[in-house]
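In order, the protein sequence lines correspond to chains A and B. Numbers in this note's numbering are just positions in the first sequence, counted from 1, shifted up by 43. Numbers in this note's numbering are just positions in the second sequence, counted from 1, shifted up by 10. Idealized CB from N, CA, C, for every residue including glycine. Keep in mind the model is a prediction, meaning the values are calculated, not measured. In what follows, a structure is listed as structure tokens, so that the remarks can point back to it.
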Amino acid sequence: MEWNDWHARVWRGNAAAVARAVIPTGFHELDRALPGGGWPLGAITEIFVDGYGIGELELLMPALAALTKEDPAKPKKWVAWIDPPFVPYAPALQQHGVNIDRLLMIHPPSGLKSRLWAIEQTVRSGSSAGVFAWVAAADDVALRRLQLAAEDQGCWLLLFRPANARLSRSPAALRIVLSQVQSHAHAVTRVEIVKCRGGWPGVVDVAGFALDAAASGQASRQ
Amino acid sequence: MARVLQSLDLFASNPVEAPRSKSQPVPSKSQLWIAVCLPSLAFECLSAADSALPAVVVEAERGQLHVVAASRAAAEAGIASGTKLHTAMALAASLQVFERSPPLERQSLESLAEWAQMLTSMVSVEAPESLLLEVAGSLKLFGSLDAIKTTLRAELARRYRHFRFCAAPTATAALWLARAASADVLQWRLLAGSLAALPLAVTRWPPEVRALLHDLGLRTVGDCARLPRDGFARRVGRSYLLELDRAFGRCVDLRAGFKAPQAWSSMAELGEESVDSTIFLEAVEQLLCELCAELQRRQVQIGGFELAFEHLHRVPTVESFDLREPTFDRDRLLHLVEDRLERRALPVPAVALRMTSGVFQPLEHRAADLFEAKPHDERAQALLERLQGRFGSAAVYGLRAVPEHRPEKAWAKGLESEGRRALVAVEARPLWLLQKPVAIEARQDSLKLVSGPERIESGWWDEQGVARDYYTAKNGNGQKLWVFRDHRTRSWFLHGLFG
Numbered sequence: 044m045e046w047n048d049w050h051a052r053v054w055r056g057n058a059a060a061v062a063r064a065v066i067p068t069g070f071h072e073l074d075r076a077l078p079g080g081g082w083p084l085g086a087i088t089e090i091f092v093d094g095y096g097i098g099e100l101e102l103l104m105p106a107l108a109a110l111t112k113e114d115p116a117k118p119k120k121w122v123a124w125i126d127p128p129f130v131p132y133a134p135a136l137q138q139h140g141v142n143i144d145r146l147l148m149i150h151p152p153s154g155l156k157s158r159l160w161a162i163e164q165t166v167r168s169g170s171s172a173g174v175f176a177w178v179a180a181a182d183d184v185a186l187r188r189l190q191l192a193a194e195d196q197g198c199w200l201l202l203f204r205p206a207n208a209r210l211s212r213s214p215a216a217l218r219i220v221l222s223q224v225q226s227h228a229h230a231v232t233r234v235e236i237v238k239c240r241g242g243w244p245g246v247v248d249v250a251g252f253a254l255d256a257a258a259s260g261q262a263s264r265q
Numbered sequence: 011m012a013r014v015l016q017s018l019d020l021f022a023s024n025p026v027e028a029p030r031s032k033s034q035p036v037p038s039k040s041q042l043w044i045a046v047c048l049p050s051l052a053f054e055c056l057s058a059a060d061s062a063l064p065a066v067v068v069e070a071e072r073g074q075l076h077v078v079a080a081s082r083a084a085a086e087a088g089i090a091s092g093t094k095l096h097t098a099m100a101l102a103a104s105l106q107v108f109e110r111s112p113p114l115e116r117q118s119l120e121s122l123a124e125w126a127q128m129l130t131s132m133v134s135v136e137a138p139e140s141l142l143l144e145v146a147g148s149l150k151l152f153g154s155l156d157a158i159k160t161t162l163r164a165e166l167a168r169r170y171r172h173f174r175f176c177a178a179p180t181a182t183a184a185l186w187l188a189r190a191a192s193a194d195v196l197q198w199r200l201l202a203g204s205l206a207a208l209p210l211a212v213t214r215w216p217p218e219v220r221a222l223l224h225d226l227g228l229r230t231v232g233d234c235a236r237l238p239r240d241g242f243a244r245r246v247g248r249s250y251l252l253e254l255d256r257a258f259g260r261c262v263d264l265r266a267g268f269k270a271p272q273a274w275s276s277m278a279e280l281g282e283e284s285v286d287s288t289i290f291l292e293a294v295e296q297l298l299c300e301l302c303a304e305l306q307r308r309q310v311q312i313g314g315f316e317l318a319f320e321h322l323h324r325v326p327t328v329e330s331f332d333l334r335e336p337t338f339d340r341d342r343l344l345h346l347v348e349d350r351l352e353r354r355a356l357p358v359p360a361v362a363l364r365m366t367s368g369v370f371q372p373l374e375h376r377a378a379d380l381f382e383a384k385p386h387d388e389r390a391q392a393l394l395e396r397l398q399g400r401f402g403s404a405a406v407y408g409l410r411a412v413p414e415h416r417p418e419k420a421w422a423k424g425l426e427s428e429g430r431r432a433l434v435a436v437e438a439r440p441l442w443l444l445q446k447p448v449a450i451e452a453r454q455d456s457l458k459l460v461s462g463p464e465r466i467e468s469g470w471w472d473e474q475g476v477a478r479d480y481y482t483a484k485n486g487n488g489q490k491l492w493v494f495r496d497h498r499t500r501s502w503f504l505h506g507l508f509g
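Spelled out as structure tokens, the structure:
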């Protein structure tokens with residue numbers, strides 16, 4: 044039998060991954076590295092980040108803008124932010140093209156239980172297109188529940204967690220670590236893919252929103 | 011309507027003149043009234059109605075107690091309505107005596123009226139013991155008058171032991187015929203003849219009027235109708251002439267329609283004192299079943315409700331539930347209660363739960379989507395409601411941009427975006443804003459200013475003016491910060507992070 048025949052008959056796992064629903068990240072380098080070419084929908088994406096202000100939200104803005112876009116043909120769905128550490132600043136979100144009418148801020152009382160309850164309810168309600176949640180500690184069982192809920196509803200569930208949580212087990216479809224690195228005098232956000240269902244771990248440097256954003260703003264004004 | 015009012019005015023000013031010739035009655039010929047008469051309502055509305063012992067209901071009249079209604083055992087002993095209490099007590103040895111309770115009678119009648127709204131939208135309560143239904147419009151729906159009467163009879167038999175009803179083309183005639191237990195009169199040409207034979211007692215006119223008519227030798231309604239109109243009006247009274255005209259269909263007979271109460275309340279008693287939320291939930295579920303059945307029957311929805319926990323020797327604990335959008339969905343209401351009960355423990359045990367609905371609102375009819383169980387907007391609202399119900403409404407909110415230069419005032423909490431568009435800042439704004447600017451120490455080695463300054467000087471008019479120079483800065487950890495220097499204090503503050 045010819046080698047070509049064998050090649051055609053071998054089942055390759057990444058074909059299954061490609062069929063999954065994704066939402067493009069808006070960054071070509073990152074889209075290329077992720078199976079299907081974007082953030083996985085209907086699954087947990089874990090983002091490990093220590094310290095805020097390193098472009099962790101800007102990485103999500105193109106996808107968030109696409110997700111909140113007003114579409115009369117589609118039902119109104121929320122993108123819920125559960126317990127964000129600071130105030131998501133409405134004018135900045137608008138600058139990134141996000142429709143802020145679709146955002147819902149939820150601040151559960153402290154305690155992991157109520158936070159997980161809020162996440163699960165929000166995902167399960169079927170009226171959320173995306174959920175961004177800040178969760179420090181969550182065990183495998185709780186995450187599995189959330190993963191199932193996200194799968195059921197096709198919801199983009201993002202969990203922001205401290206970097207040391209990456210060592211624990213998790214059913215997440217995508218786990219990435221964010222850090223800030225200096226390359227050619229520009230600060231870039233380094234996305235380290237730790238686990239990726241249907242794809243390969245790797246490191247992607249995402250430029251595109253360097254510190255010159257403000258400078259370019261000035262330039263356009265002149 | 012205008013015509014009706016006009017004709018009414020005409021009669022009020024000069025009721026002595028015959029309104030029209032007798033062959034052309036004024037009211038629409040398409041009306042058909044059923045009058046329901048409950049002769050022993052005063053007795054049957056009491057809880058002792060089922061008792062086999064002789065019992066009577068009495069009412070004071072001119073200083074003496076008279077029997078208004080009697081139980082079957084009492085009736086067999088020879089006690090009838092109108093018997094003096096002394097006589098009644100002599101007739102039956104172990105007589106139970108109850109005082110008449112008009113509120114209970116009214117309640118019983120209104121409950122029947124609410125049920126009767128199933129038969130027709132035009133129901134009128136004729137105190138103290140009658141009900142009028144206009145059923146001409148319902149004939150087609152039910153098929154025939156007999157079908158309506160069968161339904162009515164079954165329900166009346168379920169509720170009362172004694173009842174009579176009768177159909178006639180005018181409301182007053184139906185009422186009089188029902189009081190006399192006559193047969194139905196369905197044709198206009200038979201109406202005058204049937205009414206003429208009725209004794210004057212059916213009119214329930216005051217005793218002195220009836221005595222006067224009796225002295226004149228008049229015994230029946232027909233006798234009165236035969237008298238000259240002006241003479242009758244002068245000697246007896248215009249209002250009685252008007253009533254005769256209404257009965258014979260010579261002038262319009264307007265009745266106040268019954269309006270069911272626009273709220274609902276019910277109580278569930280718990281077997282014993284309890285703080286157990288599972289027991290509460292069972293009771294709540296039962297109450298919600300009743301409430302939602304009521305809502306469905308009335309084709310209405312509610313915007314909120316109250317749940318009161320009744321304690322012994324203490325003011326009830328009241329929990330109120332507000333819905334973002336009115337609903338009639340039992341599960342949605344139950345979820346709200348579940349969440350609230352899970353969160354809140356009662357300080358003292360409760361013995362009963364009382365549920366009081368908010369004001370009924372008319373149902374908005376919406377075409378259901380073929381593939382979606384519920385419209386999505388409604389689901390989005392339900393989620394909001396549930397979260398706010400559990401965490402409090404301050405903990406769940408949306409974002410709004412406000413046209414304002416001061417950064418901390420350029421956003422607000424709120425779910426409904428205002429129509430006007432906010433100013434879009436020209437300079438880049440950070441995605442994270444600190445609730446309050448935090449004072450920082452700006453040293454050249456720790457903080458590198460990357461761009462700026464952007465001067466923001468605004469708000470002198472409301473005592474919260476700012477004068478700041480904003481910079482984008484970077485610290486040693488690679489974090490992008492939004493910092494400013496206050497003009498007045500010359501000190502540095504951190505106000506945001508470029509997340």
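| query | So is residue 194 of chain A in contact with chain B if we call contact Cβ pairs under 7 Å? | reply | no
| query | Hey, does residue 119 of chain A have any beta-carbon neighbour from chain B nearer than 7 Å? | reply | yes
| For residue 316 of chain B, the first and last residue of its enclosing alpha helix (DSSP H) | It is not in any alpha helix (DSSP H) - residue 316 of chain B instead sits in the beta strand (DSSP E) that spans 310-321.
| message | For residue 383 of chain B, which residues in the same chain have their Cβ closer than 6 Å to its Cβ, ignoring the five residues on either side in sequence? | response | Per-residue confidence for residue 383 of chain B stands at a pLDDT of 46, beneath the threshold of 50, marking its modelled position as unreliable; the derived number appears in the next sentence. So the list is empty, once near-sequence residues are dropped.
| field | Of the listed residues B:491, B:242, B:502, B:495, nearest to residue 94 of chain A (C-alpha basis) | value | B:491
| task | Take the Cβ of residue 194 of chain B as the centre, count every other Cβ of all protein chains shown within 10 Å, and call the residue buried at 16 or more, exposed below. | result | buried
| field | Own chain residues within Cβ distance below 7 Å of residue 463 of chain B, not counting five before or after | value | 479, 480, 481
| query | Hey, how far is the Cα of residue 122 of chain A from the Cα of residue 449 of chain B? | reply | 33 Å
| message | Using only the alpha-carbon positions, how far apart do residue 351 of chain B and residue 287 of chain B sit? | response | 6 Å
| message | Suppose you measure from the CA of residue 458 of chain B to the CA of residue 486 of chain B; what does that come to, to the nearest Å? | response | 9 Å
| message | Please return the same chain residues whose Cβ sits closer than 6 Å to the Cβ of residue 270 of chain B, not counting the five positions on each side in sequence. | response | 124
| In chain B, what lies closer than 7 Å to residue 99 of chain A by C-beta? | 509
| said: Just to confirm my understanding: we take residue 32 of chain B, look at its own chain, exclude 5 residues before and 5 after, and list those with CB closer than 6 Å. What are they? | reply: The predicted position of residue 32 of chain B is uncertain, since its pLDDT is 46 and thus under 50; a value taken from the coordinates is nonetheless stated next. Excluding sequence neighbours, residue 32 of chain B sits near nothing in its chain.
| Cβ neighbours of residue 148 of chain A in the same chain (closer than 6 Å, five flanking residues each side left out) | 124
| query | Closer than 7 Å, CB to CB, is residue 168 of chain A near chain C or not? | reply | The chain inventory of the structure shown lacks chain C, comprising the protein chains A and B.
| said: With a threshold of 6 Å on Cβ separation, who are the neighbours of residue 215 of chain A within its own chain once the five nearest residues in sequence on each side are excluded? | reply: 87, 89
| field | Ordered list of alpha helix (DSSP H) runs contained in the stretch 126-195 of chain B, each at least 4 residues | value | 149-152, 155-169, 181-189
| query | Can you find at least 3 beta carbon pairs, one from the stretch 184-204 of chain A and one from the stretch 157-174 of chain A, that sit closer than 8 Å? | reply | yes
| Nearest residue (CA-CA) to residue 120 of chain B, options B:284, B:403, B:51, B:278 | B:51
| task | Would you mind stating whether residue 56 of chain B and residue 139 of chain B have Cβ atoms separated by less than 7 Å? | result | no
| query | Can you tell which of B:413, B:264, B:130, B:366 has its C-alpha closest to the C-alpha of residue 304 of chain B? | reply | B:366
| query | What in chain A is Cβ-close to residue 440 of chain B, meaning under 7 Å? | reply | 132, 135
| task | Tell me, please, which residues DSSP counts as bridged to residue 483 of chain B. | result | B:459, B:491
| request: Return the bridge partner residues of residue 99 of chain B from the DSSP annotation. | output: BP columns for residue 99 of chain B are empty, so no partner.
| Cβ-based burial, residue 156 of chain A [other Cβ within 10 Å; buried from 16] | exposed
| message | Could you check whether the stretch 225-233 of chain B touches the stretch 199-208 of chain B, counting it as contact only if at least three pairs of C-beta atoms, one from each stretch, sit closer than 8 Å? | response | yes
| For residue 165 of chain B, which residues of its own chain have a beta-carbon under 7 Å away from its beta-carbon, when the five flanking residues on both sides are left out? | 125
| query | Enumerated in chain order, which unbroken segments of the beta strand (DSSP E) with a length of 3 residues or greater are wholly contained in the stretch 60-92 of chain B? | reply | 65-71, 74-80
| field | When A:236, A:85, A:133, A:151 are compared against residue 443 of chain B, the one with the closest alpha-carbon | value | A:133
| So residue 6 of chain B packs on residue 251 of chain B, CB below 8 Å; how close in whole Å? | The structure shown has nothing for residue 6 of chain B, since chain B only spans 11 to 509.
| Own chain, CB closer than 7 Å to residue 249 of chain A, minus 5 neighbours either side, in chain order | 70, 72, 73, 102, 231, 232, 234
| field | Alpha-carbon spacing of residue 74 of chain B relative to residue 92 of chain B, whole angstroms | value | 11 Å
| task | Going by CA-CA distance only, name the one from B:244, B:289, B:107 that's closest to residue 84 of chain B. | result | B:107
| field | residue 496 of chain B at chain A interface by Cβ criterion, 7 Å | value | no
| field | Partner residues on chain A for residue 405 of chain B, Cβ-Cβ distance less than 8 Å | value | 149, 150, 151, 152
| task | Look up residue 229 of chain A in the DSSP assignment and give the residues it is bridged to. | result | A:226
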